[in-house]
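Peer 1: Sharing a structure here in structure tokens format.
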Amino acid sequence: MKFEEALKELEETAKKLESGDTTLEEAMALFEKGVGLSRQCTKLLEEAELKVTKLIDGGEEPFAPSADNA
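Mapping to numbering that gives the first Met the number 0: the sequence shown position 55 is 54, numbers consecutive.
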């Protein structure tokens, strides 16, 4: 999943949680999903930051797509 997709899904999950129209079980499942999406977004941002740092330092080809992000 790409960053934008994960972020959109995280936002939708947060809206559902904030609505208060869920049972405790549904809220817990949504919260668990949200934590996973948040971790995925953080990982993707960290990878992008590392790539930018490498580019600035001159150690990598500019924005070559990686196999797992294609």
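Idealized CB from N, CA, C, for every residue including glycine.
1) Confirm, please, whether the CB-CB distance from T12 to K32 is below 8 Å.
2) Could you compute how far the alpha carbon of K14 sits from the alpha carbon of Q39?
3) Going straight from the alpha carbon of A69 to that of L29, what length do you get?
4) Pop quiz: E16 and S37 are said to be a contact at Cβ under 8 Å. What is the actual Cβ separation, rounded to whole angstroms?
5) Classify M0 as helix, strand or coil using the three-state DSSP reduction.
Peer 2: Short version:
1) Numbered from its first residue, the sequence shown carries residue 32 at position 33. Numbered from its first residue, the sequence shown carries residue 12 at position 13. For K32 and T12, yes; Cβs fall inside 8 Å.
2) In the sequence shown, counting from the first residue as 1, residue 14 sits at position 15. In the sequence shown, counting from the first residue as 1, residue 39 sits at position 40. So the two alpha carbons sit approximately 18 Å from each other.
3) Taking the sequence shown and counting its residues from 1, the one referred to as residue 69 is at position 70. Taking the sequence shown and counting its residues from 1, the one referred to as residue 29 is at position 30. For A69, the predicted model reports a pLDDT of 48, less than 50, meaning its position is unreliable; a value from the coordinates is still stated below. Cα to Cα, A69 sits roughly 28 Å from L29.
4) For the purposes of this step, residue 16 is taken as residue 17 along the sequence shown, with counting starting at 1. For the purposes of this step, residue 37 is taken as residue 38 along the sequence shown, with counting starting at 1. Just to set this straight, residue 16 is Leu in the shown sequence, not Glu. Rounded, the Cβ-Cβ distance is 12 Å, inconsistent with contact.
5) The residue labelled residue 0 in the question sits at position 1 within the sequence shown. Three-state DSSP puts M0 in coil, outside helix and strand.
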